[in-house]
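Peer 1: The structure under discussion is supplied below as structure tokens; questions concerning it will follow.
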Amino acid sequence: GAVVSQHPSRVICKSGTSVKIECRSLDFQATTMFWYRQFPKQSLMLMATSNEGSKATYEQGVEKDKFLINHASLTLSTLTVTSAHPEDSSFYICSARRYRVTEAFFGQGTRLTVV
Amino acid sequence: GENVEQHPSTLSVQEGDSAVIKCTYSDSASNYFPWYKQELGKGPQLIIDIRSNVGEKKDQRIAVTLNKTAKHFSLHITETQPEDSAVYFCAASPLTGGGNKLTFGTGTQLKVEL
Chain Y
443 GAVVSQHPSR VICKSGTSVK IECRSLDFQA TTMFWYRQFP KQSLMLMATS NEGSKATYEQ
503 GVEKDKFLIN HASLTLSTLT VTSAHPEDSS FYICSARRYR VTEAFFGQGT RLTVV
Chain W
4 GENVEQHPST LSVQEGDSAV IKCTYSDSAS NYFPWYKQEL GKGPQLIIDI RSNVGEKKDQ
64 RIAVTLNKTA KHFSLHITET QPEDSAVYFC AASPLTGGGN KLTFGTGTQL KVEL
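These protein sequences, in sequence, are chains Y and W.
Per our numbering, the very first residue in the first sequence carries number 443; after that it's consecutive.
Per our numbering, the very first residue in the second sequence carries number 4; after that it's consecutive.
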């Protein structure tokens with residue numbers, strides 16, 4: 443149990459285009475999902491927290507108009523990188539938690555390359 | 004906010020030896036401490052966690068200890084195997100509810116050599 447699936451695992455896009463990354467909880471209802479960004483050989487940096495049916499809460503310094511997060515159902519959250527630039531290239535990871543359950547389970551990550 | 008420090012940043016051990024990774028945290032409100040293993044190109048995998056009402060927890064070759072007074076917790080891996088090679092992250096968060104955020108340590112690259 444507690445499987446989180448992230449899609450796609452890798453994506454290459456051109457500068458100026460938008461990319462959508464999906465995060466699904468396959469066998470549980472995720473009331474809260476988190477989106478992280480990870481640079482090579484660095485730790486995970488929390489970008490935003492999303493609760494089902496509510497607007498996402500962004501961490502300081504994260505542009506909410508650039509990184510659009512939608513958590514429309516209890517099993518799906520999406521991150522859209524709008525007008526992508528090469529500096530947006532990174533490893534993006536989602537995690538999900540059940541209501542009133544502490545453990546957070548992570549997706550397999552998405553390697554975004556903007557050319 | 005919470006600050007989690009993790010040491011060492013790299014650790015090489017011989018197969019069969021033990022490995023210990025240590026973390027300290029700053030926020031006394033933190034009472035949940037998970038450890039994650041991340042293999043190259045993959046997302047972190049929860050391997051063990053501990054809550055503040057417990058001082059030690061074991062799961063086969065893996066154990067975690069917690070000293071709330073000193074605000075530090077450690078991961079112990081015994082009888083290391085090559086497949087234990089990965090990056091390990093500690094984290095801390097308050098326990099109250101599913102919306103609380105994890106604060107991660109900086110990671111430890113563990114290499115188990117044959």
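Even for Gly, the Cβ is constructed at its ideal location relative to N, Cα and C.
Computed from a predicted model, the values in this text were never measured in an experiment.
Could you name the residues of the stretch 40 to 68 of chain W whose beta carbon sits closer than 9 Å to any beta carbon of chain Y, in the order they occur along the chain?
Peer 2: The residues in question are 41, 44, 45, 46, 47, 48, 49, 52, 54.
Peer 1: Sort 557(Y), 475(Y), 480(Y), 491(Y) by Cα distance to residue 538(Y) and report the nearest one.
Peer 2: The sequence position of residue 538(Y) within the first sequence is 96, counting from 1. For the residues 557(Y), 475(Y), 480(Y), 491(Y), the minimum Cα distance to residue 538(Y) belongs to 475(Y).
Peer 1: So, with DSSP's three-state summary, where would you put residue 82(W)?
Peer 2: As a working mapping, residue 82(W) is identified with position 79 in the second sequence. Coil.
Peer 1: Once you ignore the five residues that flank residue 552(Y) on each side, which residues in its own chain have a CB closer than 8 Å to its CB?
Peer 2: Within the first sequence, the letter at position 110 stands for residue 552(Y). So the qualifying residues of the chain are 448, 449, 450, 451, 452, 453, 463, 533, 534, 535.
Peer 1: Between the Cα of residue 488(Y) and those of 500(Y), 482(Y), 555(Y), spot the shortest distance and give me the residue it belongs to.
Peer 2: Against the first sequence, residue 488(Y) aligns to sequence position 46. The shortest C-alpha separation from residue 488(Y) is found at 500(Y).
Peer 1: Counting Cβ pairs, one atom from each stretch, are 3 or more of them under 8 Å apart for the stretch 21 to 35 of chain W and the stretch 65 to 85 of chain W?
Peer 2: Flag = yes, the stretch 21 to 35 of chain W and the stretch 65 to 85 of chain W touch.
Peer 1: Can you grab the Cα-Cα spacing for the pair residue 444(Y) / residue 83(W), in whole Å?
Peer 2: As a first step, residue 444(Y) must be located in the first sequence, where it is residue number 2. As a first step, residue 83(W) must be located in the second sequence, where it is residue number 80. Answer to the nearest angstrom: the Cα atoms are 26 Å apart.
Peer 1: Relative to the alpha-carbon of residue 496(Y), which residue among 473(Y), 456(Y), 543(Y) has its alpha-carbon at the smallest distance?
Peer 2: Counting from one through the first sequence, the residue named residue 496(Y) turns up at place 54. Closest option to residue 496(Y), Cα to Cα, is 473(Y).
Peer 1: What number of angstroms, rounded off, separates the C-alpha of residue 491(Y) from the C-alpha of residue 512(Y)?
Peer 2: One-based indexing of the first sequence puts residue 491(Y) at position 49. One-based indexing of the first sequence puts residue 512(Y) at position 70. C-alpha separation (whole angstroms): 10 Å.
Peer 1: Identify whether residue 464(Y) lies in helix, strand or coil by the three-state DSSP scheme.
Peer 2: As a working note, residue 464(Y) is residue 22 in the first sequence. In the structure shown, residue 464(Y) sits in a strand (DSSP, three-state: E or B).
Peer 1: Does the separation of the CB atoms of residue 114(W) and residue 15(W) fall below 8 Å?
Peer 2: The residue you call residue 114(W) lines up with position 111 of the second sequence. The residue you call residue 15(W) lines up with position 12 of the second sequence. Contact: yes.
Peer 1: For residue 63(W), count the other beta carbons within 10 Å of its own beta carbon; 16 or more makes it buried, fewer makes it exposed. Which is it?
Peer 2: Walking along the second sequence from the start, residue 63(W) turns up at place 60. Per the 10 Å Cβ criterion, exposed.
Peer 1: Does residue 507(Y) come out as helix, strand or coil in the three-state DSSP assignment?
Peer 2: Position 65 of the first sequence, counted from the first residue, corresponds to residue 507(Y). Coil at residue 507(Y), not helix or strand.
Peer 1: Any idea what DSSP makes of residue 8(W), helix, strand or coil?
Peer 2: Position 5 of the second sequence, counted from the start, is the residue given in the question as residue 8(W). Three-state result, residue 8(W): strand.
Peer 1: Between residue 562(Y) and residue 60(W), what straight-line distance do the alpha-carbon atoms span, to the nearest angstrom?
Peer 2: The shown model of chain Y, from 443 to 557, leaves out residue 562(Y), and the question about it has no answer.
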